[in-house]
Amino acid sequence: LRWSLRSPGCRRQLSLLEMPAKLTITPAVMQVSAKGGTTKHRLKCVGDQRVVFKVKLKAKYYKFYKVWPVMGFIQPGATREITFTRKPGRIGKDYLVIQYIIAPSGYDPREPFVKGAQIGKLIFKIEAVEGDPMHIEETTYRGDVITDAGQDWKRAVNRDEDERIEREIAAQYDQLRADVDQGNLDIGMFYEVF
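Numbering (the UniProt record's numbering), first residue to last: 1 to 194.
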């Protein structure tokens, strides 16, 4: 069985084994006070495969943002909340990036992305404004459609092992978040850990 996948400017045939997936983010644009504040966004996995995401912050944003979680898995059809807390700072627009790949069995997101993986990207905007933020109509940004084609991955594990990796990462985040909140870990060091 083969079917077509359309993306801007190209048409490609995919085999049934290359089931596509993508992430969406809602809301795609948020305002926060330059005095600081929090925005919450929903990541949704659209497709038939589990996706792993990583928030990519430029070093210049370390002093302004805390992100929870910085990486993680999203099952097909599932939604995951991601929180950005902005510290007081300058007025302006920040464009933030989330990258993602199809998560093969046994993959640990603390490792670099799988060699040869198609990397999807979501770009969204947080505007720091003077005074109170305006209510902006909620929009959704749809990321790139990706497949597992080309992934150089040999390790396969059972579902229990995949779930163990997911639990381990969640527990590690909980501990790191507590350390950051208590002032025991600088937020810039947190991004270096991951």
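Heads up, the beta-carbon is just placed ideally off N, CA and C, and yes, glycines get one too.
* To do: Rank Phe53, Lys125, Gly106 and Thr38 by C-alpha distance to the C-alpha of Arg164 and give the top, closest one.
  => On the sequence shown, residue 164 is found 164 positions in, with the first residue counted as 1. Of the listed residues, the one whose Cα sits closest to Arg164 is Gly106.
* Quick one: what's got a C-beta closer than 6 Å to Ala117's C-beta in the same chain, skipping five residues either side? -> One-based indexing of the sequence shown puts residue 117 at position 117. Exclusion of the five residues before and after Ala117 leaves Ile101 and Gln151 as the residues of its chain whose Cβ lies within less than 6 Å of its Cβ.
* Classify Arg90 as helix, strand or coil using the three-state DSSP reduction. => Locating residue 90 in the sequence shown gives position 90, counting from the first residue. DSSP, reduced to helix, strand and coil, places Arg90 outside both helices and strands of the structure shown, so it counts as coil.
* To do: For Pro88, verify whether its CB is less than 7 Å away from any heavy atom of the ligand ZN.
  => Among the components modelled here there is no ligand, and therefore nothing to report on the ligand ZN.
* To do: Specify the secondary structure class of Leu176 as computed by DSSP and reduced to three states.
  => One-based indexing of the sequence shown puts residue 176 at position 176. Assignment of Leu176 by DSSP, reduced to helix, strand and coil, places it in the helix class.
* Within the chosen definition, does the region 151 to 160 reach the region 46 to 65 through at least 3 CB pairs nearer than 8 Å? -> When Cβ pairs closer than 8 Å are counted between the two stretches, the region 151 to 160 is seen not to touch the region 46 to 65, the count staying below three.
* Would a C-beta distance cut-off of 8 Å place Ile126 and Thr39 closer than the cut-off? -> Walking along the sequence shown from the start, residue 126 turns up at place 126. Walking along the sequence shown from the start, residue 39 turns up at place 39. Closer than 8 Å, so yes.
* Asked: Which term fits Arg86, buried or exposed, when burial requires 16 or more other beta carbons within 10 angstroms of its beta carbon?
  -> Here residue 86 is taken as the residue at index 86 of the sequence shown, counted from 1. Buried is the call here.
* Would you call the CB atoms of Thr26 and Arg50 closer than 8 Å? -> As a first step, residue 26 must be located in the sequence shown, where it is residue number 26. As a first step, residue 50 must be located in the sequence shown, where it is residue number 50. For Thr26 and Arg50, no; Cβs fall outside 8 Å.
* Leaving out five residues on either side along the sequence, give the residues of the same chain with a beta carbon under 7 Å from the beta carbon of Asp144. => As a working note, residue 144 is residue 144 in the sequence shown. In its chain, beyond the 5 residues on either side, Lys22, Gly120 and Lys121 have a beta carbon closer than 7 Å to the beta carbon of Asp144.
* Could you name the residues of the same chain whose beta carbon sits closer than 7 Å to that of Glu166, not counting the 5 residues immediately before and after it, in chain order? => By one-based count along the sequence shown, residue 166 stands at place 166. Cβ-Cβ distances below 7 Å link Glu166 to Phe73 in the same chain, with the five nearest sequence neighbours on each side left out; the list follows chain order.
* When burial is assigned at 16 or more other CB atoms within 10 Å of the CB, is Gln13 buried or exposed? -> As a first step, residue 13 is located in the sequence shown; it is residue number 13 there, counting from the start. Note that Gln13 scores a pLDDT of 46, beneath 50, so its modelled location is shaky; the value from the coordinates is reported in the next line. When all chains shown are included, Gln13 counts as exposed.
* **When Pro20, Thr24, Gln31 and Met19 are compared against Ile136, the one with the closest alpha-carbon** => Within the sequence shown, residue 136 is the residue found at index 136, counting from 1. Scanning Pro20, Thr24, Gln31 and Met19 for the CA closest to the CA of Ile136 turns up Gln31.
* Val46 to Pro76, Cα distance in whole Å? -> To locate residue 46, count along the sequence shown from 1; it is residue 46. To locate residue 76, count along the sequence shown from 1; it is residue 76. Rounded to whole angstroms, Val46 to Pro76 spans 6 Å at the Cα level.
* **Secondary structure of Ala170, DSSP reduced to three states** => In the sequence shown, residue 170 corresponds to position 170, counting from 1. Looking at Ala170 - three-state DSSP - the assignment turns out to be helix.
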